[in-house]
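**Q** My numbering puts the first residue of the sequence shown at 53, with every later residue one more than the last.
Glycine is no exception: its CB is placed at the ideal position from the N, C-alpha and C atoms.
Have a look at this one before I ask anything.
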Amino acid sequence: RQMCIRDRLRTPLTSMKASAESLESGIVDPKIASKFLRQISDDVDHMNHIVSDLLELSRMDTGQISLNLTEVNVKDFVSMALERHLVPAKAKNISLGTDIPPNLPAITIDTRRFLQVIQNLLDNAIKFTPQNGRVTINSNHDASSVEISVVDSGIGIAQKDRPHIFERFYKADRSRHEKGIGLGLAIAKHIVQLHDGEISLDINEPTGSIFTITLPIHAAYIS
Ligand code: ADP
């Protein structure tokens, strides 16, 4: 597994180096040159993502994450989270919807960190859902908790992978070739637990995954 992580770290760097060397060797066709530049830019984005995840992991391990809690309306929060996924969803003709009842109680969250969690779930949902699929955010509540789910009609997660999906650096076989180092869900779980909440995975029928976050309404941790 270590080997695998090292490879995942090296891949974008190797690719950047190769593109830079190709450019150095004096490409004259501007179309080809701009293809290499685009590749370098994508590799930098990829590497940035990996570095942020690793930094977040080290903050988690040293207990450096403290929450900046405020009360937030679920509907407003979800629209904020959806914003930057509209374009990627549209590119795959994935319909992006919400099912949020009126009068949900407000949730008490660290908005920035919680956005990071939902956006990560949405990134995955869109990444692992083929063209023309569907991704929705649903919410619900009972007397003591609010649930927020990200539901997709994608490739789903094999039974053997399900128990491990929130572990650090874990990637299901089917997505080994995809970008990402396998830290997103581990970070998401940590942040949700800091909020006294839980995150769980269910299978969607006939196909896809459902990630559900449950947050207590009367948050005992607010002092
Ligand atoms: P990363 O996306 O960086 O690989 P994550 O921790 O976010 O890391 O996800 C870990 C793995 O879980 C992914 O590589 C993929 O195999 C699987 N996965 C996560 N979300 C989904 C989903 N919505 N549908 C199918 N597989 C998923």
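If we count the other Cβ atoms within 10 Å of its Cβ and call it buried at 16 or more, is M55 buried or exposed?
**A** In this prediction, M55 scores a pLDDT of 49, lower than 50, which makes its location untrustworthy; the coordinate-derived value is nonetheless stated afterwards. With fewer than 16 other Cβ atoms within 10 Å, it is exposed.
**Q** Cβ of D254 versus every heavy atom of ligand 1: is any distance shorter than 7 Å?
**A** no
**Q** Please state the DSSP three-state secondary structure of E73.
**A** helix
**Q** F166: beta carbon under 7 Å from a heavy atom of ligand 1?
**A** no
**Q** Mind pulling the alpha helix (DSSP H) runs of 4 or more residues that sit fully within the segment 230-270?
**A** 236-246
**Q** For V139, count neighbouring Cβ atoms within 10 angstroms of its own Cβ and tell me buried if that reaches 16, exposed if not.
**A** Taking every protein chain shown into account, the CB of V139 has fewer than 16 other CB atoms within 10 angstroms, so this residue is exposed.
**Q** Consult DSSP for N155 and reduce its assignment to one of helix, strand or coil.
**A** coil
**Q** Rounded to the nearest angstrom, what separates G115 and S86 at their Cα positions?
**A** 43 Å
**Q** Got a sec, what are the start and stop residues for the alpha helix (DSSP H) E108 sits in?
**A** 82-113
**Q** List the endpoints of the continuous alpha helix (DSSP H) containing D128.
**A** 126-135
**Q** For D95, collect the residues of the same chain with a Cβ closer than 8 Å to its Cβ; drop the 5 residues on either side in sequence, then sort them by chain order.
**A** Scanning its chain for C-beta atoms nearer than 8 Å, with the 5 sequence neighbours on each side dropped, one finds around D95 the residues P64, L65, S67, M68, S71, in chain order.
**Q** Enumerate in chain order the residues of its own chain whose CB-to-CB distance from I200 is below 6 Å, with the five nearest sequence positions on each side excluded.
**A** Listed in chain order, the non-local C-beta contacts of I200 below 6 Å within the same chain comprise S191, I265, local neighbours out to five positions each way being set aside.
**Q** Does ligand 1 have a heavy atom nearer than 7 Å to the CB of I207?
**A** yes
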